[in-house]
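Written below as structure tokens is the structure these notes are about.
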Amino acid sequence: MGKHIEDKLSAYLDDALTTDERIDVEEHMDSCAACSEAFREYVAVRELVRTAFHSVKAPERLEEAVMEAIRPIPAAKPSKRFFYGLAACLLSLLMLLAVLFAIMAPYTTTLITVGYRVTDNLLQAAGHYVSSLPSAFIGLLAGAILLLTGSGLTLKALLNHSPLKEGPS
Amino acid sequence: MEQALERLIRRARQGDQEAFALLVGQYKDKVFRYAYGMLSDRMEAEDVAQEAFLKAYTSLAKLQQVYAFSSWLTQIASRLCYDRLQKRKREQPTDDDRLERIGGSEKGDPDLYLDIRQAMRALSPQHREAILLRDVEGYSYEEIAAMLEIPLGTVKSRIRNARLLLRQAIKLETEENHGEAYRG
Numbered sequence: 001m002g003k004h005i006e007d008k009l010s011a012y013l014d015d016a017l018t019t020d021e022r023i024d025v026e027e028h029m030d031s032c033a034a035c036s037e038a039f040r041e042y043v044a045v046r047e048l049v050r051t052a053f054h055s056v057k058a059p060e061r062l063e064e065a066v067m068e069a070i071r072p073i074p075a076a077k078p079s080k081r082f083f084y085g086l087a088a089c090l091l092s093l094l095m096l097l098a099v100l101f102a103i104m105a106p107y108t109t110t111l112i113t114v115g116y117r118v119t120d121n122l123l124q125a126a127g128h129y130v131s132s133l134p135s136a137f138i139g140l141l142a143g144a145i146l147l148l149t150g151s152g153l154t155l156k157a158l159l160n161h162s163p164l165k166e167g168p169s
Numbered sequence: 001m002e003q004a005l006e007r008l009i010r011r012a013r014q015g016d017q018e019a020f021a022l023l024v025g026q027y028k029d030k031v032f033r034y035a036y037g038m039l040s041d042r043m044e045a046e047d048v049a050q051e052a053f054l055k056a057y058t059s060l061a062k063l064q065q066v067y068a069f070s071s072w073l074t075q076i077a078s079r080l081c082y083d084r085l086q087k088r089k090r091e092q093p094t095d096d097d098r099l100e101r102i103g104g105s106e107k108g109d110p111d112l113y114l115d116i117r118q119a120m121r122a123l124s125p126q127h128r129e130a131i132l133l134r135d136v137e138g139y140s141y142e143e144i145a146a147m148l149e150i151p152l153g154t155v156k157s158r159i160r161n162a163r164l165l166l167r168q169a170i171k172l173e174t175e176e177n178h179g180e181a182y183r184g
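Protein chains in written order, with my numbering: chain A, 1 to 169; chain B, 1 to 184.
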């Protein structure tokens, strides 16, 4: 009959033994009334515990209480304050540009002429390089598109991300 | 089913309270049952369940794998239960006060269920937890190891010892109650 195998009954109950171990346990139980009875008790206790606790139901008011407590917590959407802030920033930027324009007004003609010449030269140089190295231009263009897509996705993820930071405990 | 659940969790993560309400409805019995099994007190279990859902709501952004929502929620409830048990230990209340609050309006054999729940109370919190996670909720050894952050071998031995002790405690509880009934 061999020695009792009660310490293996729990794993046997969970089907967590190797094939050899399972065969040993089953062979032992065929010839040992005590271990066989102990196994029946394990099965019965597990069923009783499961049934006893599955009959426990949460009080009806629990769901309502949780939702009432959650309601004041802001959702992860941009608040009105965010839009007011954005509007204030844009307005400040516009005012700054207006002031700069007023200061630079006497030199406007010179600045426009210099700007035009620099842009013209840059465009000519760019055209020259594109015609001599087309593969470099395509690579540069692909890189720019990738960078733009990446930035867009990151921005989307950031906007979707919840601002609430509290941990589980 | 799983996809619907994932969608709900994702919506709740973005602050959709309606989606979170559906999650609460779906998991409230599970969380309450676990807390009740650990604390043996309906009022405290209700408090813990409520607190667990609030913490889950405010921490949803930290949930790494959406499919592990159930074990993550149980882990939150588990930590809250241990906090309560620590607090209880410090305050040292009499067990008799709490015993009167056990019970409820369950179907089946209430005396038998009371025996089982009282036998559960005889176990240590770790052993109670092992029984609740494995035998009541049906989590695998691996899931329990991840949830409790303990090695797989410890999970196996804890479940084995818990079952052994529970079997003994139920026998004792049943014998005592039947003895009293005969004497009465």
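Built from N, CA and C at the ideal position, the CB exists for glycine as well.
Among the CB atoms of chain A, one or more fall inside 7 Å of the CB of alanine 49(B).
In terms of beta-carbon proximity, leucine 62(A) lines the interface with chain B, with at least one pair separated by less than 7 Å. Inclusion of arginine 160(B) and valine 56(A) in the CB contact set at 7 Å is not warranted, their separation being larger than that value. A buried status is given to phenylalanine 53(A), since no fewer than 16 other beta-carbon atoms sit within 10 Å of its beta-carbon. Counting only runs of 4+ residues, the alpha helix (DSSP H) found wholly inside the segment 37-102 of chain A occupies 61-70, in chain order.
Per DSSP, the continuous alpha helix (DSSP H) segment holding histidine 128(A) begins and ends at 108-132.
Residues of chain A whose Cβ lies closer than 8 Å to the Cβ of arginine 11(B) do not exist; the shortest such Cβ separation is about 11 Å. Between arginine 167(B) and valine 45(A) a beta carbon distance of about 5 Å is seen, short of the 8 Å cut, so the two are scored as contacting. For the set Leu152(B), Ala19(B), Arg10(B), Leu165(B), the Cα lying nearest the Cα of isoleucine 70(A) is the one of Ala19(B). DSSP places glutamine 17(B) in the uninterrupted alpha helix (DSSP H) bounded by 17-39.
With a cutoff of 7 Å on beta-carbon distance, valine 49(A) and aspartate 135(B) are scored as near each other. In this structure, the beta-carbon distance from valine 66(A) to valine 31(B) does not fall below 7 Å. Glutamate 176(B) is not a Cβ neighbour of aspartate 115(B), given a cutoff of 7 Å. Taking a 10 Å sphere around the C-beta of leucine 148(B), we find 16 or more other C-beta atoms and assign the residue as buried. Interface flag for isoleucine 116(B) against chain A is set, since a Cβ pair is found closer than 7 Å.
Within the segment 15-38 of chain B, contact with chain A at the beta-carbon level (separation under 8 Å) is assigned to Gly15, Asp16, Gln17, Phe20, Ala21, Val24, Gly25, Lys28, Asp29, Val31, Phe32, Arg33, Tyr36, Gly37. Rounded to whole angstroms, the separation of the alpha carbons of isoleucine 5(A) and methionine 29(A) is 8 Å.
Contact annotation: alanine 130(B) and arginine 158(B) have beta-carbon atoms nearer than 7 Å. Following the DSSP letters along the chain, one finds valine 66(B) in no alpha helix (DSSP H), marked with neither H nor E. In this chain, valine 136(B) is not harboured by any alpha helix (DSSP H), its DSSP state being neither H nor E. Lysine 8(A): member of the alpha helix (DSSP H) spanning 6-13, first to last residue.
For alanine 4(B), the enclosing alpha helix (DSSP H) begins and ends at 2-13. Taking the C-beta atoms as reference points, leucine 152(B) is found nearer than 7 Å to alanine 145(B). One Cα belongs to leucine 85(B), the other to glutamate 41(A), and the distance between them is close to 30 Å.
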